[in-house]
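Residue numbers (this note's numbering): 2 to 131.
Structural data, given as structure tokens:
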């Protein structure tokens with residue numbers, strides 16, 4: 002089994018869409034652990050609506066590309082579409098940040114809310130599970 006870290010975020014129907022994401026992610030990764038939701042300012046988009054973000058830590062037998070496809074499918078279930086994205090409306094964004102000891106999104110890994118969420122999750126984990 003490989004370890005992974007992901008980030009979920011939304012600036013539209015935030016609570017509802019993060020709950021939907023957690024539900025589907027728990028089906029995909031029954032062992033997933035989530036950090037507390039954090040409200041953050043938007044970065045690099047037109048729409049200045051606040052975001053809710055949350056970090057997830059999981060183990061999986063799936064390959065990286067399979068996981069990415071599943072994450073995109075969950076985003077679509079929340080109503081994410083290109084037309085809204087162009088307006089800065091992000092119903093749901095799920096990024097795979099780290100998988101199989103590889104950092105996939107180095108810039109995201111430096112964001113304060115990501116670091117805080119990872120620390121929160123790992124604070125509750127034992128050395129054996131990490």
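Cβ atoms here follow ideal geometry from the backbone N, Cα and C, with glycine treated the same way.
query: Answer yes or no: do residue 89 and residue 47 have a C-beta to C-beta separation smaller than 8 angstroms?; result: yes
query: If you scan the region 35 to 90 from start to end, which runs of the alpha helix (DSSP H) of 4 or more residues do you find wholly inside it?; result: 65 to 78, 83 to 87
query: Considering Cα atoms alone, identify which of 3, 12, 5, 115 is closest to residue 76.; result: 12
query: Looking at residue 92 and residue 18, is the spacing between their C-beta atoms short of 8 angstroms?; result: yes
query: My output table needs one value for residue 33: the three-state DSSP class, helix, strand or coil.; result: coil
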